[in-house]
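K.L.:
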Amino acid sequence: MIRLACRLLLPGLVAATAGAAAAASTAPSPGAPDGAAATRADGDPPAAVATFTAAAEIELERALEMRLPDQPAPYLVSFELLDGNVATAEASFGALVNTSAGPYRQVRTEVRVGDYHLDNGNFEGDFGSDSGVRSRLLPHDPVLLAFRRELWLSADESYKGAAQQLSDKLAARQGVHREYTDDLYRVDPLVTPPLRPAAVDEAALDAMVQALSATLRGHGFEEGTAIARDWQGVRTLVSNEGHRASIPTGFTVVRVEAVARAEDGARLRDIRSFVATSPGGLPSLEEMQAEVEEMAAWLEGLRDAPVEDDYLGPVLFQGQAAMELFRQLLAPEMSGTPQPERPAIGFETPDAVPTARLGRRLLPEGWRVVDDPLAAQAADLPGGYLHDFEGVPARAVTVVEDGVTRDLLMSRVPREGFDGSNGHGRSLGNDRRVAVPASVTVDAARTRSMARLERKGLALARDTVQPYLLVIGQLTPPALDEDFRIAFSGDAPLPGLTAPLEAWRLYPDGTTEPVRGLEFVGVDRRALRDIVLAGRRNPPMGVMDAPPGPQRSSIGPIGGLPASWAVPDVLISELELHGGGGREPRILPPPP
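The letter at position 513 of the sequence shown is residue 510 when you use our numbering, and the numbering goes up by one with no holes.
1. At a Cβ threshold of 8 Å, is V468 touching chain D?
2. Determine the DSSP secondary structure at Y308, reduced to helix, strand or coil.
3. Select from L425, T461, S570 and V567 the residue whose C-alpha is nearest the C-alpha of P547.
4. With G99 as the anchor, note down where its beta strand (DSSP E) starts and where it stops.
5. When you compare only the Cα positions, how much space is there between E176 and K157?
6. According to DSSP, simplified to helix, strand and coil, what is P245?
7. DSSP three-state call for G316: helix, strand or coil?
8. Would S561 and P337 qualify as a contact pair, given that the criterion is a beta-carbon distance under 8 Å?
9. Below 8 Å on the Cβ atoms is my contact criterion, and I expect L234 with L187 to pass it. Report the Cβ-Cβ distance as a whole number of Å.
10. Considering only residues of the same chain and omitting the five flanking positions on each side of A53, which have a CB-CB separation below 7 Å?
11. Checking the sheet assignment: what are the DSSP bridge partners for G221?
12. Closer than 6 Å by C-beta to L572: which residues in its own chain qualify, once you throw out the five before and the five after it? Chain order, please.
13. In angstroms with no decimal places, state the Cα-to-Cα distance between G493 and H384.
14. Is DSSP giving A563 helix, strand or coil here?
15. Roughly how many whole angstroms lie between the Cα atoms of H421 and P545?
16. Per DSSP, what kind of secondary structure is Y72 in: helix, strand or coil?
17. Less than 8 Å between the beta carbons of L466 and A500, yes or no?
18. Please state whether DSSP places V184 in a helix, a strand or coil.
19. Starting from M407, trace the alpha helix (DSSP H) both ways and give me its first and last residue.
20. Among A372, A223 and I342, which one has its Cα closest to the Cα of V621?
21. Quick check on DSSP: helix, strand or coil for I55?
22. Does the distance from the C-beta atom of M205 to that of L282 stay below 8 Å?
23. Specify the secondary structure class of E288 as computed by DSSP and reduced to three states.
24. Where D31 and G417 are concerned, what is the direct C-alpha to C-alpha distance, given to the nearest angstrom?
25. For a quick check, are the C-beta atoms of G310 and R412 less than 8 Å apart?
26. Tell me which residue opens and which closes the alpha helix (DSSP H) that P370 is part of.
27. Can you tell me which of L503, V518, V437 and D480 puts its alpha carbon nearest to the alpha carbon of Q463?
28. Applying the 10 Å Cβ sphere with the 16-neighbour rule, what's the burial state of L360?
29. Going straight from the alpha carbon of A70 to that of A51, what length do you get?
30. Which class does E283 belong to by DSSP, given the choice of helix, strand or coil?
31. Are P194 and G278 closer than 8 Å when you measure CB to CB?
32. Quick one: what's W228 bridged to in DSSP?
33. Any contact of the region 218 to 238 with the region 551 to 569, i.e. 3+ C-beta pairs under 8 Å?
34. Quick one: Cα of A20 to Cα of A84, how far?
35. Just confirm the distance between the C-beta atoms of M538 and M320, as a whole number of angstroms; I'd bet it's less than 8 Å.
36. Counting Cβ pairs, one atom from each stretch, are 3 or more of them under 8 Å apart for the region 208 to 220 and the region 397 to 412?
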């Protein structure tokens, strides 16, 4: 296994997150689900929306007439305007480091050639290969001719890319004998009134990150940073399928991180995250400061904490750690989007076996998992929306019933055994729209008190000859994980979960002792079957996420798609963790 230590400093990742000034094809856009504070545009529609719609109507007709020699014509053309306001602020120990605010306007153009049965989509060629999706920034002034120019260029590039992608896809299928599903579900067109994006308050965001990072002063930390983003916008869809819709998008995310150094030189860090649909949905500044102060006190005490030895035994997950346990292990089992087709490598043909499988036992008997964007929308939670990015009405989906997978989240990408999307199609940037969890609730058949979970955990620890129960309260969010690992055949198993940020030993007499340096070994979805007891479901926690896969680790501290998870604390009968030592200690003390 190759392990690369990647210092994901908060400042360096701002440009890679949603709303960056350059709209590269692989960069996440500031898109988010419905539920933001957009307002209905009574009377005349906003100038940008009216101009975009007029330009799109004209360019749709022209785009459908495009034709390259010996290539099929487009059968689907979609223009998607992302228009809104974004503010970003970052501070270190109370000093403002970076701040920016302004409008953001981008068009995402998708062209598909062929037909719904077989088109260029759902194919991933070699690195750098083409596709039928392009994004271009639009002028801030709503000038019809200027908008038409950008839409024309993006449609032209998208069509050429789609034609090349279809050619590559057909070539990759040569000599492969298997049944293929259709490439795109049909949907009813969505028509809604235009919406006006909400404003953002740059000064308030600046003051917030300054106040939060100032809380970390006086502790001798090497780093104490706070970064925040407020994005409020509208996604406007215009397509030849009949979409003429405005869908609100928005999120507010705040991350606070502190870094300290242990006596043996080990680098210690802890993180607090706050996610809402708008600044009004965040906890009060006083509440956030209290959480940051609690984090600082924990990190100070961790400097002298022992390094945990290799541990094999029961583990109790509480609060944020329980949420991350389910988010990291359960999300890939919920998305029904098949893997894209890929060209053969040598004599091997990649078999696109889906991760999520109906009928698979994921949890103990009696457990239930539901994803309901509509309920989250009503409660103003991250991940709430009425329509997904493809304009499909959201639906509640009971993914797990009695511990077994009974249904899956679907986008417009077809899958055998399913008849359409259930309104979970989302993605970042130019990526294809895939099924992504939005607002997940996990319920156990029976719940117990925390005292009962601890007693049971200590009893299991005695059975494994452990003098204490390991309790984990915080796990590293995947987007802020500093280690990138690649495993080769014969290597030790990958961790399967991100590293603990807060872990402690619970002894039979009730005393606790913080520990550090832990890393999981070989955890996968099967660990969820080993849940022994569960507590009551915790309140929903907002997160910034991405489709299951490597992209989860590359969205940066303030990018991604908002979602929420409400899960119980859980006790797992057995997990393995390795302990790690420190590094070379510092010679010079930190500045006063």
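No residue lacks a Cβ here, since even glycine has one placed at the ideal position from N, Cα and C.
The structure displayed is predicted, hence computed values, not measured ones.
P.N.:
Based on what the coordinates show:
1. Going by chain labels, chain D is absent from the structure shown, which holds only one protein chain.
2. Locating residue 308 in the sequence shown gives position 311, counting from the first residue. Here Y308 sits in strand by DSSP.
3. What you label residue 547 is simply residue 550 of the sequence shown in a count that begins at 1. Closest option to P547, Cα to Cα, is L425.
4. Here residue 99 corresponds to residue number 102 of the sequence shown, with the count starting at 1. In this chain, the beta strand (DSSP E) harbouring G99 covers A92 to V110.
5. Taking the first residue of the sequence shown as 1, we reach residue 176 at position 179. Taking the first residue of the sequence shown as 1, we reach residue 157 at position 160. In a straight line, the C-alpha of E176 is about 27 Å away from that of K157.
6. For the purposes of this step, residue 245 is taken as the residue at position 248 of the sequence shown. The DSSP-derived three-state label of P245 is strand.
7. Locating residue 316 in the sequence shown gives position 319, where the first residue counts as 1. DSSP places G316 in helix when its eight states are reduced to three.
8. Against the sequence shown, residue 561 aligns to sequence position 564. Against the sequence shown, residue 337 aligns to sequence position 340. Cβ atoms of S561 and P337: not closer than 8 Å.
9. Here the question's residue 234 lines up with position 237 in the sequence shown. Here the question's residue 187 lines up with position 190 in the sequence shown. Contact between L234 and L187 holds, since their C-beta atoms are separated by about 7 Å, short of 8 Å.
10. Taking the sequence shown and counting its residues from 1, the one referred to as residue 53 is at position 56. The answer, listed in chain order, is F76, L148 and V235.
11. Along the sequence shown, one-based indexing puts residue 221 at 224. Its beta-bridge partners are A255.
12. Within the sequence shown, residue 572 is the residue found at index 575, counting from 1. A distance below 6 Å between beta-carbons, with the five flanking residues on each side excluded, links L572 to the following residues of its chain, in chain order: V312.
13. Numbered from 1 along the sequence shown, position 496 holds the residue referred to as residue 493. Numbered from 1 along the sequence shown, position 387 holds the residue referred to as residue 384. Going by the C-alpha atoms only, they are around 33 Å apart.
14. Translated into the one-based positions of the sequence shown, residue 563 becomes position 566. It is a strand residue.
15. Walking along the sequence shown from the start, residue 421 turns up at place 424. Walking along the sequence shown from the start, residue 545 turns up at place 548. Each residue's CA atom was taken as its position, placing H421 and P545 some 13 Å apart.
16. On the sequence shown, position 75 is the one that residue 72 refers to. Here Y72 sits in strand by DSSP.
17. As a working mapping, residue 466 is identified with position 469 in the sequence shown. As a working mapping, residue 500 is identified with position 503 in the sequence shown. Contact: no.
18. Walking along the sequence shown from the start, residue 184 turns up at place 187. The answer is coil: DSSP assigns V184 none of H, G, I, E or B.
19. As a working mapping, residue 407 is identified with position 410 in the sequence shown. Here M407 belongs to no alpha helix (DSSP H), and DSSP marks it neither H nor E.
20. Lying before the first or after the last residue shown, residue 621 is absent from the chain, which here runs from -2 to 589.
21. Position 58 of the sequence shown holds residue 55. Three-state DSSP puts I55 in a helix.
22. Taking the sequence shown and counting its residues from 1, one reaches residue 205 at position 208. Taking the sequence shown and counting its residues from 1, one reaches residue 282 at position 285. Yes, the pair counts as a contact, with Cβ atoms nearer than the cut-off.
23. In the sequence shown, residue 288 corresponds to position 291, counting from 1. It is helical.
24. On the sequence shown, position 34 is the one that residue 31 refers to. On the sequence shown, position 420 is the one that residue 417 refers to. Here D31 scores only 42 on pLDDT, less than 50, and its place in the model should not be relied on; the value that follows carries that caveat. When only Cα atoms are considered, D31 and G417 end up about 21 Å apart.
25. For this step, residue 310 is matched to residue 313 along the sequence shown. For this step, residue 412 is matched to residue 415 along the sequence shown. A distance of 8 Å or more separates the beta carbons of G310 and R412.
26. Here residue 370 is taken as the residue at index 373 of the sequence shown, counted from 1. Per DSSP, the unbroken alpha helix (DSSP H) holding P370 starts and ends at P370 to A375.
27. Here the question's residue 463 lines up with position 466 in the sequence shown. The shortest Cα separation from Q463 among L503, V518, V437 and D480 belongs to L503.
28. As a first step, residue 360 must be located in the sequence shown, where it is residue number 363. Burial check for L360: the Cβ neighbour count within 10 Å reaches 16 or more, so the residue is buried.
29. Counted from its first residue, the sequence shown places residue 70 at position 73. Counted from its first residue, the sequence shown places residue 51 at position 54. Using only the alpha carbons, I get a separation of about 23 Å.
30. Here residue 283 refers to the residue found at position 286 of the sequence shown. E283: helix per DSSP, three-state reduction.
31. In the sequence shown, residue 194 corresponds to position 197, counting from 1. In the sequence shown, residue 278 corresponds to position 281, counting from 1. Not a contact, by the Cβ cut-off of 8 Å.
32. For this step, residue 228 is matched to residue 231 along the sequence shown. In the DSSP assignment, W228 forms a beta bridge with V83 and F248.
33. Yes: the two stretches touch, three or more of their Cβ pairs being nearer than 8 Å.
34. Counting from 1 along the sequence shown, the entry for residue 20 is found at position 23. Counting from 1 along the sequence shown, the entry for residue 84 is found at position 87. Interpretation of A20 is limited by its pLDDT of 33, a score under 50 that renders its predicted location unreliable; no figure is taken from the coordinates.
35. Numbered from its first residue, the sequence shown carries residue 538 at position 541. Numbered from its first residue, the sequence shown carries residue 320 at position 323. Contact flag correct, Cβ pair sits at about 5 Å.
36. Contact between the region 208 to 220 and the region 397 to 412 is absent, because fewer than three Cβ pairs lie under 8 Å.
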